[in-house]
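Residues 9 to 208 in our numbering are what the sequence shown spells out, letter by letter.
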Amino acid sequence: MNHLLKGLVAPIMAVVVLSMFSTAVMAQDWSTLNKKKQTKLGMYMTAEQAFKHTDANMDQTLFIDVRTPSELNYLGAATVMDAHVPAVFMDTTGWNDKKHRYKRAKNKNFVADIDAALKKKGLSKDDTVIIMCRSGKRSAKAVNTLADNGYKKVYTVVDGYEGDKLKEGENKGKRMKNGWKNAGLPWTYSLDKDYMYITQ
């Protein structure tokens, strides 16, 4: 009997920790979140919360990075990522004068690509999907697109991979406030081809 109880302790503790984490995510006040980072589903995580959740629920979670291929190529990627599915691509045929950068073109296959990644992992549109971009704005748009296509439980990583820009100090304008990399979460420059977005 004592041996049986011992064997139940770990699973019970895992459920308790998981429920505490879920409650913490749900209880957090997101009312002051930047409007561009808000989603139709109203489901949010910080980079740290996203890592903890994914690490504890690897088989029941789909973690997607929606940045451009060049961003992953030069800035690295989270090691817990299930797939890279860009929400947009850099459009080298046009220039955005206001933002001083190349224009962006939507990935027309985005939903189909997410559907395929979900199916590959044996999950459904009712399972948890976590979307991360650079700083939380593109991921919010991606969540809305998925919500419009029947996805029920999609979280956006509000501080993204690189985080938000500092508004003052000697590093003003640099992305050093929060985010995956600034939190010291696991990432790598050595990308795995099997997880990257390669067009045929």
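Note that CB positions come from ideal geometry on N, CA and C, so glycine has one too.
My understanding is that residue i touches residue j, with C-beta atoms under 8 Å, so please give their C-beta distance in whole angstroms.
| i | j | result |
| --- | --- | --- |
| Asn115 | Val96 | 6 Å |
| Asp134 | Lys160 | 5 Å |
Measuring CA to CA, which of the options is closest to residue i?
| i | options | result |
| --- | --- | --- |
| Trp195 | Gly181, Asp202 and Leu83 | Leu83 |
| Tyr110 | Thr76, Val93 and Met66 | Thr76 |
| Leu143 | Asp200, Arg183 and Lys128 | Contrary to the premise, residue 143 reads as Ser rather than Leu in this sequence. It is Arg183. |
| Leu126 | Thr69, Ser39, Ala58 and Ala64 | Thr69 |
| Gly158 | Ser39, Lys180, Ser132 and Lys173 | Ser132 |
| Thr153 | Asn42, Gln46, Ala64 and Trp38 | Gln46 |
Taking its Cβ as the centre, do 16 or more other Cβ atoms sit within 10 Å of residue i, making it buried, or is it exposed?
| i | result |
| --- | --- |
| His108 | exposed |
| Asp99 | exposed |
| Asn104 | exposed |
| Thr40 | exposed |
| Tyr187 | A small correction: the amino acid at residue 187 is Gly; Tyr does not occupy that position in the sequence shown. So Gly187 ends up on the buried side. |
Pull up the distance between the alpha-carbon of residue i and that of residue j, whole angstroms please.
| i | j | result |
| --- | --- | --- |
| Asp123 | Asp90 | 13 Å |
| Ser30 | Met140 | Residue confidence is low: Ser30 scores 46 on pLDDT, short of 50, so the model does not pin down where it sits. Its coordinate-derived value is still stated next. Distance between the alpha carbons of Ser30 and Met140 is about 19 Å. |
| Lys189 | Glu56 | 10 Å |
| Met204 | Glu79 | 12 Å |
| Phe118 | Ala150 | 9 Å |
| Ala120 | Gly177 | 43 Å |
| Thr136 | Met51 | 10 Å |
| Asp156 | Asn179 | 39 Å |
| Lys60 | Lys128 | 22 Å |
| Ala191 | Tyr197 | 17 Å |
| Thr62 | Gly102 | 37 Å |
| Lys175 | Gly181 | 6 Å |
| Gln36 | Asn42 | 15 Å |
| Arg112 | Leu199 | 23 Å |
| Gly130 | Leu193 | 26 Å |
| Ala64 | Trp38 | 23 Å |
Just to confirm, are residue i and residue j a CB contact at a threshold of 8 Å?
| i | j | result |
| --- | --- | --- |
| Ile206 | Val165 | no |
| Lys145 | Lys44 | yes |
| Gly168 | Ser147 | yes |
| Ala86 | Asp73 | yes |
| Phe71 | Val93 | no |
| Met53 | Tyr163 | yes |
| Lys173 | Lys185 | yes |
Would you say the beta carbon of residue i comes nearer than 7 Å to a heavy atom of the ligand HEM?
| i | result |
| --- | --- |
| Ala150 | Absence of the ligand HEM from the depicted structure is noted, as is the absence of any ligand whatsoever, leaving it without description. |
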